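Shown next, in structure tokens, is the structure this report addresses.
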Amino acid sequence: MTLYIDVIWFLNLCIDYLLLALTAIVLKRRFQHVRMILGALFASLIVFFLFSSYASLFYQPWVKLLYSAIIVWIAFGFRRMSYYLQGLLMFYFVTFMTGGGLFALHYFWQTDVGILNGMTVSNKGYFGSGISWVFVIIGFPLIWWFSKKRFETMEWKQVQYDQLVDVDITVAGYTFKTRGLVDSGNQLTDPISKKPVMIIEAKLLYPYFNQQAVEHIMTFHEGASEEHADERLVERACIIPYRVIGQSTPFLSGIRPDSIVIYQQENRYETTNVILGLQDRELSADGVFRSIVHPKLVLGGTTQKASIIL
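The sequence shown begins at 1 in our numbering and counts up by one.
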């Protein structure tokens with residue numbers, strides 16, 4: 001069996017750089033390509049040590065830890081202990097995660113196995129397999145990309161959850177609860193009354209009003225038939241200029257609620273100075289929230305469980 005140590009070294013250099021890059025991405029640290037290349041270069045040198053007379057030393061856990069510590073120091077520097085340890089631990093985390101993903105993929109596709117002393121083992125060693133390095137070359141970037149996307153998704157979910165609020169909405173004496181997303185980009189207001197507009201899914205009204213009555217409100221500005229009109233909704237109805245991509249009409253149907261109450265952590269906000277904009281589609285693909293809260297509705301000085309009347 002022939003081993004090309006230069007090929008192994010170059011492959012490790014690329015992998016080490018990608019691991020350091022993923023660590024920087026997850027921690028939101030500035031890319032310092034020179035330092036990261038130097039860190040990856042130092043990390044890849046272990047390949048030569050493992051083929052030397054010092055190989056047994058580099059299998060010791062304390063040497064591995066020290067080696068990793070130097071890698072992180074080269075790549076990210078040392079500002080303070082917490083900063084440094086965060087980088088070191090995250091480097092280990094992404095390494096274990098991507099390595100575990102590769103192992104899982106390899107095990108998933110493994111078909112040539114043998115049974116030895118009750119254990120399932122591969123008949124081909126890591127270096128001995130004719131496809132092992134091809135698998136790593138193809139599989140590692142895929143696992144790296146997947147991990148990066150998962151981290152970005154998790155981060156976005158965390159941002160969403162940090163901005164989620166519980167909302168009680170009262171319309172015509174009926175009160176229903178929903179979950180809302182406080183969106184700083186939502187600056188929609190009624191141009192006449194200057195009231196902030198809170199977007200909700202029209203389906204939230206179905207249990208309390210006839211579905212056809214709700215659909216009538218959604219289209220009443222288009223001259224819809226009065227056959228299914230509900231006076232309780234009609235007397236609260238209004239039209240809001242609203243234009244988004246893919247919407248056929250430049251208006252959004254809205255209703256004036258009796259009141260809404262927003263619960264954000266320890267704060268309670270109550271107001272009647274709001275308009276509910278009705279959307280006939282789901283606002284969240286995974287159903288995490290069903291309304292979009294105008295940021296003005298949760299602004300202002302508050303105390304614990306304070307009631308704010310706007």
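For every residue, glycine included, the Cβ atom is placed at its ideal position computed from N, Cα and C.
Since the structure is predicted, the reported quantities are computational estimates derived from the model, not experimental observations.
Decide if the stretch 276-296 is in contact with the stretch 193-203; the criterion is three or more beta carbon pairs, one per stretch, under 8 Å apart.
yes
Less than 8 Å between C-beta atoms, sequence neighbours within five positions excluded: which residues of the same chain meet that for VAL298?
As a first step, residue 298 is located in the sequence shown; it is residue number 298 there, counting from the start. Counting only Cβ-Cβ distances below 8 Å, and skipping sequence neighbours, we find VAL165, VAL182, ILE262, GLN264, ASN267 and TYR269.
Less than 8 Å between the C-beta atoms of ILE255 and ARG236, yes or no?
Counting from 1 along the sequence shown, the entry for residue 255 is found at position 255. Counting from 1 along the sequence shown, the entry for residue 236 is found at position 236. Taking 8 Å as the Cβ cut-off, ILE255 and ARG236 qualify as a contacting pair.
Would you mind listing the alpha helix (DSSP H) stretches within the stretch 164-229 that are 4+ residues and don't spill past its ends, in chain order?
211-219
Mind checking who ARG29 pairs with in its DSSP beta bridge?
Translated into positions along the sequence shown, residue 29 becomes position 29. Its beta-bridge partners do not exist; DSSP assigns none.
Please determine, among GLN60, THR170 and ARG281, the residue with the shortest C-alpha to C-alpha distance to GLU201.
Taking the first residue of the sequence shown as position 1, residue 201 is located at position 201. The shortest Cα separation from GLU201 among GLN60, THR170 and ARG281 belongs to ARG281.
Tell me whether ALA43 is buried or exposed, calling it buried when 16 or more other Cβ atoms sit within 10 Å of its Cβ.
Within the sequence shown, residue 43 is the residue found at index 43, counting from 1. So ALA43 counts as buried.
Member of VAL26, PHE220 and SER56 whose CA lies at the smallest distance from the CA of PHE91
Here residue 91 refers to the residue found at position 91 of the sequence shown. Considering only alpha carbons, the answer is VAL26.
Could you give the distance in angstroms between the alpha-carbon of ASP258 and the alpha-carbon of HIS294?
Locating residue 258 in the sequence shown gives position 258, where the first residue counts as 1. Locating residue 294 in the sequence shown gives position 294, where the first residue counts as 1. Taking the straight line joining both Cα atoms gives about 17 Å.
Can you tell me where the beta strand (DSSP E) holding PRO295 begins and where it ends?
Start at 1 with the first residue of the sequence shown, and residue 295 comes out as number 295. No beta strand (DSSP E) contains PRO295, which DSSP labels as neither H nor E.
Bridge-paired residues (DSSP) for SER253
Here residue 253 refers to the residue found at position 253 of the sequence shown. Answer is ILE239.
Ordered list of alpha helix (DSSP H) runs contained in the stretch 53-80, each at least 4 residues
61-76
Per DSSP, what kind of secondary structure is ILE131 in: helix, strand or coil?
Residue numbering aside, residue 131 sits at position 131 when the sequence shown is read from its first letter. Confidence at ILE131 is low in this model, with a pLDDT of 46, below 50, so the placement of that residue should be treated as unreliable; the coordinate-derived value is given next. In the structure shown, ILE131 sits in coil (DSSP, three-state: anything other than H, G, I, E or B).
Apart from the five residues on each side of it in sequence, which residues of its chain come closer than 8 Å, Cβ to Cβ, to ARG35?
By one-based count along the sequence shown, residue 35 stands at place 35. Correct list, in chain order: ILE74, ALA75, PHE76 and GLY77.
Let me know the secondary structure DSSP gives SER259 once reduced to three states.
One-based indexing of the sequence shown puts residue 259 at position 259. Strand, per DSSP.
Which residues in the same chain as SER184 place their Cβ atom closer than 8 Å to its Cβ, once the five residues preceding and following it in sequence are excluded?
The residue given as residue 184 occupies position 184 in the sequence shown. Same-chain partners within the cutoff: PRO295.
Around the Cβ of ILE190, are there at least 16 other Cβ atoms within 10 angstroms (buried) or fewer (exposed)?
Numbered from its first residue, the sequence shown carries residue 190 at position 190. The sequence as given places Asp at residue 190; Ile does not occur at that position. Buried: at least 16 other Cβ atoms inside 10 Å.
Where does THR271 fall in DSSP's three states?
Taking the sequence shown and counting its residues from 1, one reaches residue 271 at position 271. In this structure, THR271 counts as strand in the three-state DSSP scheme.
Rounding to the nearest angstrom, what Cα-Cα distance links ASN12 and VAL288 in this structure?
Stepping through the sequence shown from its first residue, residue 12 is reached at position 12. Stepping through the sequence shown from its first residue, residue 288 is reached at position 288. Approximately 41 Å, taken between the alpha carbons.
Taking C-beta to C-beta, are ILE5 and PHE51 nearer than 8 Å?
The residue you call residue 5 lines up with position 5 of the sequence shown. The residue you call residue 51 lines up with position 51 of the sequence shown. Contact flag set, yes.
Pull the bridge partners of GLN279 from the DSSP assignment, please.
By 1-based counting over the sequence shown, the position of residue 279 is 279. Per DSSP, GLU201.
Would you mind reading off the limits of the alpha helix (DSSP H) that contains VAL47?
Start at 1 with the first residue of the sequence shown, and residue 47 comes out as number 47. Counting along the chain, the alpha helix (DSSP H) containing VAL47 begins and ends at 46-50.
Proximity winner among GLN60, ALA40, ALA24 and VAL234, relative to ASP172 (alpha-carbon distances)
Reading the sequence shown from its first residue, position 172 is the one you call residue 172. This sequence places Ala at residue 172; Asp is not what is there. For ALA172, the nearest C-alpha among the options comes from VAL234.
May I ask you to report which of helix, strand or coil DSSP gives GLN86?
In the sequence shown, counting from the first residue as 1, residue 86 sits at position 86. Helix at GLN86.
Roughly how many angstroms lie between the CA atoms of ILE138 and GLY87, to the nearest whole one?
Position 138 of the sequence shown, counting from 1, holds the residue named residue 138. Position 87 of the sequence shown, counting from 1, holds the residue named residue 87. Taking the straight line from one Cα to the other gives about 27 Å.
What residue from ILE169, ARG80 and ILE143 has the CA that sits closest to ASN273's CA?
Start at 1 with the first residue of the sequence shown, and residue 273 comes out as number 273. Per the Cα distances, ILE169.
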